[in-house]
Amino acid sequence: MQQTITLNLPYDLSADDWNKVLSVYREMDGWIEAQGCWFASPDSKGHVGVSIEPSGLLVMGYTDAGLFRAWVTKLCAKLSLSLQRPVYDAEM
């Protein structure tokens, strides 16, 4: 089942901030550099991917809801520390 969440990261972050975001991506468990996603290739079930949208950073997971929620919680915490600003569900 697909899980999604939009985080409050604007598409127009500075280049320095996008580099910090990419560094966090690489620190997260399961990162596949060549695929630009986590855990599995984008055409496989079980992968997690991101897309920058006008509304924020869209995180999509094709995995268990509990695992997805825990993983996104960790991602938000790491992004918040790296960017020195709170990162959370943009729809809250």
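This note's numbering puts the sequence shown at residues 4 to 95.
Using N, Cα and C, we set each Cβ at its ideal position, and we do this for glycine too.
This one's a predicted model, so the numbers in the text were calculated from it and none came from an experiment.
Supposed close pair residue i, residue j - CB separation, criterion 8 angstroms
{"i": "THR9", "j": "SER58", "result": "5 angstroms"}
{"i": "GLY49", "j": "THR66", "result": "5 angstroms"}
Same chain, Cβ closer than 6 angstroms to residue i, five either side skipped, listed in chain order
{"i": "TRP41", "result": "GLY33, TRP34, VAL51"}
{"i": "LYS83", "result": "Strictly speaking, residue 83 in this sequence is Ser, with Lys absent from that position. Here the set comprises PRO89, VAL90."}
{"i": "MET4", "result": "none"}
{"i": "PHE71", "result": "GLN6, GLY64"}
8 angstroms Cβ shell around residue i - same chain, five flanking residues per side excluded
{"i": "ARG29", "result": "GLU36"}
{"i": "HIS62", "result": "It is worth fixing the name first, because residue 62 is Val in this sequence and not His. The answer, listed in chain order, is THR7, ILE8, THR9, LEU10, VAL51, GLY52, VAL53, VAL75, LEU78."}
{"i": "MET31", "result": "TRP41, TRP74, LYS77, LEU78, LYS81"}
Residues that residue i bridges to, as DSSP identifies them
{"i": "LEU61", "result": "THR9, SER54"}
{"i": "TRP34", "result": "TRP41"}
{"i": "ASP92", "result": "LEU10"}
Nearest neighbour of residue i, chosen from the options [CA to CA]
{"i": "VAL27", "options": "ASP46, VAL53, MET4", "result": "VAL53"}
{"i": "CYS79", "options": "GLU56, VAL24, SER44", "result": "VAL24"}
{"i": "LEU16", "options": "ILE55, SER47, ALA43", "result": "ILE55"}
{"i": "ALA18", "options": "LEU86, ALA93, GLY64", "result": "LEU86"}
Neighbourhood of residue i by C-beta, 7 angstroms cutoff - its chain only, sequence neighbours within 5 removed
{"i": "ALA93", "result": "THR9, LEU10, ASN11, SER58, GLY59"}
{"i": "ASP20", "result": "LEU86"}
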